[in-house]
Structures are given as structure tokens and as C-alpha cells.
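Peer 1: Under this note's numbering, the first residue of the sequence shown carries the number 14, and numbering increases by one thereafter.
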Amino acid sequence: MIQIQNLRVSVEWKEILRNIDISFELGKTYYLLGQNGSGKSSLALTLMGHPKYQIQEGTMTLDGENLATMTPDERSHKGLFLSLQNIPEVRGVRLGEYLRTIHNRHIATGTKPLSSFLCHRYLTTLTKELGIPESFLDRDLNVGFSGGEKRKIEILQMKLLNPKYIILDEIESGLDIDAFRTVAELLARVKTPENTLIIITHNFRMTEFVKPDEVIILKGGNIVERGGGDLVEKIGMEGFGE
Ligand SMILES: Nc1ncnc2c1ncn2[C@@H]1O[C@H](COP(=O)(O)OP(=O)(O)OP(=O)(O)O)[C@@H](O)[C@H]1O
Ligand SMILES: [Mg+2]
Numbered sequence: 014m015i016q017i018q019n020l021r022v023s024v025e026w027k028e029i030l031r032n033i034d035i036s037f038e039l040g041k042t043y044y045l046l047g048q049n050g051s052g053k054s055s056l057a058l059t060l061m062g063h064p065k066y067q068i069q070e071g072t073m074t075l076d077g078e079n080l081a082t083m084t085p086d087e088r089s090h091k092g093l094f095l096s097l098q099n100i101p102e103v104r105g106v107r108l109g110e111y112l113r114t115i116h117n118r119h120i121a122t123g124t125k126p127l128s129s130f131l132c133h134r135y136l137t138t139l140t141k142e143l144g145i146p147e148s149f150l151d152r153d154l155n156v157g158f159s160g161g162e163k164r165k166i167e168i169l170q171m172k173l174l175n176p177k178y179i180i181l182d183e184i185e186s187g188l189d190i191d192a193f194r195t196v197a198e199l200l201a202r203v204k205t206p207e208n209t210l211i212i213i214t215h216n217f218r219m220t221e222f223v224k225p226d227e228v229i230i231l232k233g234g235n236i237v238e239r240g241g242g243d244l245v246e247k248i249g250m251e252g253f254g255e
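1. Excluding the 5 residues flanking G249 on each side, which residues of the same chain have their C-beta closer than 8 Å to its C-beta?
2. Would you say L6 and L93 are within 8 Å of each other, going by their C-beta atoms?
3. Would you kindly report the start and end of the unbroken alpha helix (DSSP H) that includes D191?
4. Answer yes or no: the CB of Q98 versus the heavy atoms of ligand 2, is any distance below 7 Å?
5. For the beta strand (DSSP E) that contains Q18, what are its first and last residues?
6. List the residues that DSSP assigns as beta-bridge partners of N235.
7. Please state whether DSSP places M73 in a helix, a strand or coil.
8. Are there any heavy atoms of ligand 2 lying less than 7 Å away from the beta-carbon of S54, as far as the coordinates show?
9. Classify L80 as helix, strand or coil using the three-state DSSP reduction.
10. Hey, is G40 close to ligand 1, as in C-beta under 7 Å from one of its heavy atoms?
11. Does the beta carbon of D191 come closer than 8 Å to any beta carbon on chain B?
12. Quick check: is any heavy atom of ligand 1 less than 7 Å from the C-beta of S23?
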């Protein structure tokens, strides 16, 4: 479980999150909703350990361990995964090599790392399953990929690492209507009773594919409402309000 208690966060001395109390339980799906600028990405980046987001007060634990003192790398090893709202392009790093490196860095101690040959074979089964051309593995990480292709690469990484806690920050952004459906269906398949999805989205149709257990609404850096799936319907009709 991820437990956040009384969290207050600032960026460059500006307070952007306050009084945040949330528990993300294993096996459940959470939707984090709110207007532009309400603090959703800030919360995701604070959880992942972005150095700009300074914790002024409160605690964050993952399976009982203090998250705040861990590096982003350590958080990743504990099973936390963030799919960023803006996915960076990394020139000079081949996608296939990158995937092999992160896979081999995440395997349990004592397990043999995958060789280039075996990893390539494994990755090609994953690319087939996700409908990604195998040739992408030879291209630089995300460089020149379309919005939809980048999102699929994110899902490929989830399949590869099998993280316990997955935060998706607007995974639907930039997707056309068919790509949205494809990505939403893939996500529904990523979800198992052994992982947790924390979905940040402005497209409420996502809830038709991945059902929410809890919906949390942020406004001005505060949690202002929480509830079940019916809250999504209510906001879909009424908006977030003034
Ligand atoms: N690195 C930063 N430097 C300065 N201000 C920041 C920074 N990160 C976030 N903020 C501010 O914090 C507030 C919350 O931003 P955040 O990106 O978390 O919103 P959001 O809910 O993700 O919005 P959107 O739906 O548009 O993605 C905004 O006012 C934003 O300008
Ligand atoms: Mg955001």
C-alpha cells in the first residue's frame, strides 16, 4: 500500500499541494481528477521523487517504507512506475538496449540477466502482443515516435517490469479515437489483482475500460472530493465547478 499523510509540497517556494491524505491499496484502481493546474502531475512527480518537488510536511510510505528518503531509482525498484504526461525523447539510446538495461536492473538478485539475444526474442513477443513494429527496437528512445507509439512503448515497459504501483499521467493525451481505445484496452489487460493503477486523465471514457475503485478530485492543490465511479458521471455532467 502507498500511504500519504498530511502531505504539503512546494516548488520553488510556491506551495502546490497541501493536506493530502490518500491510501492506494494493492489491487485497486484509482482515478485522480481535477482541472488543469489542480496539482495532479505534481502529486505524481512528488511520489516518484522529482527533486524540484519539496516535501514541507507529512509522510509518504510504500509498503511501510519511507518513500521520501528514497531516490527515484530506489522507488522504481520498490515497484513504483510513472508514465509521464510529457514523455522525453532520448537521443543516442536505442529502445531495445534501454529496455534490456531496465529489465536486467529490475530482476531479483540471483536471477541471471538476459543476454542481448534472449532479450531481443522476449521483446519481439511483447512488441507483437502490443502491435508495435519490431523495427522500433533499433530506433532511439522515443525519438520521432508519434504520440500513440510513445504511449504503447510506456505500456511495453509496464509489461516488462511488472510494477506494483503504476501512475499514468494523461496516458490518453495526443491519442486519436482508435488509438485511445487500443491503449485503454491494453491498460485493462495490464491491470491484475497484484497491481494498482493510479490514473490521471481528462478523458472519462477511460473508466469504461478500467473501472475505478475510488475517485479523488483535486482542486488548487487540495483534495476536495472523493467517491466511487458515480462521481465521474456527476463531474462529466456538471464539471468540476468554480
Ligand atoms: N516545476 C514547477 N515550477 C513552477 N510551478 C509549478 C511546477 N510544477 C507545477 N507547478 C504549478 O503547480 C500547479 C499544479 O500543476 P500540475 O502540473 O500539478 O497540474 P495538473 O493538475 O497536472 O494540470 P494538467 O491537467 O494541466 O496537467 C500549477 O499552478 C503549476 O503551474
Ligand atoms: Mg498534469
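Each residue gets a CB set at the ideal place from its N, CA and C atoms; glycine is no exception.
Peer 2: From the atom records:
1. F217
2. Nothing can be reported for residue 6: it is not among the residues displayed for the chain, which extend from 14 to 255.
3. I190 to V203
4. yes
5. I15 to V24
6. K232
7. strand
8. yes
9. coil
10. no
11. Among the protein chains of the structure shown there is no chain B, as only one such chain exists.
12. no
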